[in-house]
RNA sequence: GGCGGCGUACCCAAGUGGCUAAGGGAGAGGUCUGCAAAACCUUUAUGCGCCGGUUCGAAUCCGGCCGCCGCCUCCA
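Numbering (the numbering used here), first residue to last: 16 to 498.
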């Protein structure tokens, strides 16, 4: 298995520190607002990575934090006149609403920064006594010059940084890149007591403290969005290694951005869609599949058109599942020699291996999804050959079992088709009920029996104008939502 | 300015040294059907930004150029 490591800039063989176990820490969100599509991507990407490692048989310990105290939360608290901790709590709740809908599983540990201030103080004290930090007017700074490896993750040298830096130089700092470990609190701001006076932790220190507490001094995978590489992860790394004198992380994994018209989606630019915005118009599965249809390190240019295309592709999948369900329920027991059996059998038996091969190559979900659609086509082709008998049943059952197995890892395509259509009816707000559809179908079938094609077509067209498409199959008429 | 990434068909997107360049969407033709729909088949890149080079062989490696983007300030 290969994993791309941001530290080396190369795909590396994945060998965890402890055989059979993988420890992962992912930087979560700062809870001051609703999550946008970029947060969704990061969450889904690491959800899949975690899930795949579990599928491979590793015991996975997955930690993802919430930053629940910082400037933005405090600002939001002032704007809304709501206590800062209630702001944080509110957006943690909202986060779970979105993530649950996207099928993102809870992490094993989801620590809050505010509940680990003691751990951070311990770390900062250690850095002070080790000569890595200094106090300035109640603030504590990490001195980047005191740590030899500073810049090794983001690939920048201290000298080159100073030249073109856009950072406003704080004259009190030894080096403009020195960053706060502890911030003296201003009037009315939340604070904790510390050896340096009342204050609150700097941003980076929480991840060093919490990852160490739950995963130890060194752990396997540290993840997050690519925008966290510098300064956040660079700083975490410096703090942690300065404190423990051990390597901090074995594999740094960073996901690419969501862009809008090629520009990074971000709060500050205001060019973002919240997850909530999208889920008002699409089933959550559409967003999830859309996000994993591109390799996790590549940028994704967000558009409603692409979501709509993804929706159609999901529909293709479910309509195939429905076809298979219908076939498996029928009792054609006459064994029939069909020409497609051999070819389909090969598709089925090689499927799992292909999936694993894709995912082993730096979690190539895009290719894995391609394999799923390959199998979908094979299934349809096989069904078109009108197979029959126990052997056909067994092979199709096997195909569906395999499909289910990999779809469980990706957590897509797991509804039953009817629920998918119901969901589409809801997101499209179709002006018709299932009962009305069924009764229309009955009336139409009566007309068809009487060969009254005009009336039959009239009924079909009227359903179509409500967004419902009919499919006449031998023995029954099915319906789908037009996508 | 420093560091990094990207450029594959009408759109999206895999592929990073060697079989016919995955897959999805869209378009065209066909099979099936009362007609449809779905499905399937054929079709849409002799070519992977441009120009050179390495190699028996490159979208894939190397060099140059053009274009786009990210990080260097909070950011998934």
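Backbone N, C-alpha and C define an ideal beta-carbon position, used for all residues, glycine too.
CA-to-CA distance, residue j to residue i, given in whole angstroms
i, j, result
"residue 469", "residue 331", "29 Å"
"residue 230", "residue 29", "18 Å"
"residue 99", "residue 243", "24 Å"
"residue 491", "residue 459", "12 Å"
"residue 421", "residue 228", "33 Å"
"residue 476", "residue 23", "60 Å"
"residue 239", "residue 446", "43 Å"
"residue 145", "residue 163", "14 Å"
"residue 161", "residue 147", "6 Å"
"residue 418", "residue 42", "31 Å"
"residue 408", "residue 72", "30 Å"
"residue 362", "residue 380", "19 Å"
"residue 479", "residue 438", "17 Å"
"residue 343", "residue 428", "19 Å"
"residue 268", "residue 94", "35 Å"
"residue 482", "residue 495", "9 Å"
"residue 16", "residue 377", "7 Å"
"residue 366", "residue 393", "11 Å"
"residue 158", "residue 192", "8 Å"
Residue range of the beta strand (DSSP E) that includes residue i
i, result
"residue 20", "17–20"
"residue 494", "491–496"
"residue 211", "Taken as a continuous stretch (DSSP letters only), residue 211 belongs to no beta strand (DSSP E), as it is neither H nor E."
Buried or exposed (CB count within 10 angstroms, at least 16 for buried), residue i
i, result
"residue 33", "exposed"
"residue 115", "exposed"
"residue 388", "exposed"
"residue 484", "exposed"
"residue 473", "exposed"
"residue 282", "exposed"
"residue 431", "exposed"
"residue 181", "Confidence at residue 181 is low in this model, with a pLDDT of 47, below 50, so the placement of that residue should be treated as unreliable; the coordinate-derived value is given next. Residue 181 comes out exposed."
"residue 339", "buried"
"residue 213", "exposed"
"residue 320", "exposed"
"residue 97", "exposed"
"residue 35", "exposed"
"residue 178", "Low local confidence applies: a pLDDT of 46 at residue 178 is under 50, so the model's placement there is unreliable, and no value is given."
"residue 170", "exposed"
"residue 384", "buried"
Which residues DSSP lists as bridging residue i, in chain order
i, result
"residue 511", "Residue 511 lies beyond the residue range present for the chain, which begins at 16 and ends at 498; the question has no answer from this structure."
"residue 275", "278"
"residue 38", "76"
"residue 486", "493"
"residue 124", "78"
"residue 149", "156"
"residue 199", "214"
"residue 534", "Because residue 534 is not part of the residues shown, which for the chain are 16 to 498, the question remains open."
"residue 289", "51"
"residue 316", "274"
"residue 234", "264"
DSSP state of residue i mapped onto helix, strand, coil
i, result
"residue 182", "Its pLDDT being 48, under 50, residue 182 is placed unreliably by the model, and nothing is read from it."
"residue 442", "helix"
"residue 83", "coil"
"residue 97", "coil"
"residue 51", "strand"
"residue 193", "coil"
"residue 388", "helix"
"residue 31", "coil"
"residue 305", "helix"
"residue 263", "coil"
"residue 129", "helix"
"residue 105", "helix"
"residue 427", "coil"
"residue 311", "coil"
"residue 204", "coil"
"residue 162", "coil"
"residue 297", "coil"
"residue 349", "coil"
"residue 379", "coil"
"residue 401", "coil"
"residue 252", "helix"
Boundaries of the alpha helix (DSSP H) in which residue i is found, first to last residue
i, result
"residue 27", "First-last for residue 27: 25–28, but that is the beta strand (DSSP E), not the alpha helix (DSSP H)."
"residue 338", "319–344"
"residue 224", "218–230"
"residue 119", "No alpha helix (DSSP H) contains residue 119, which DSSP labels as neither H nor E."
"residue 360", "356–375"
"residue 476", "468–480"
"residue 464", "449–464"
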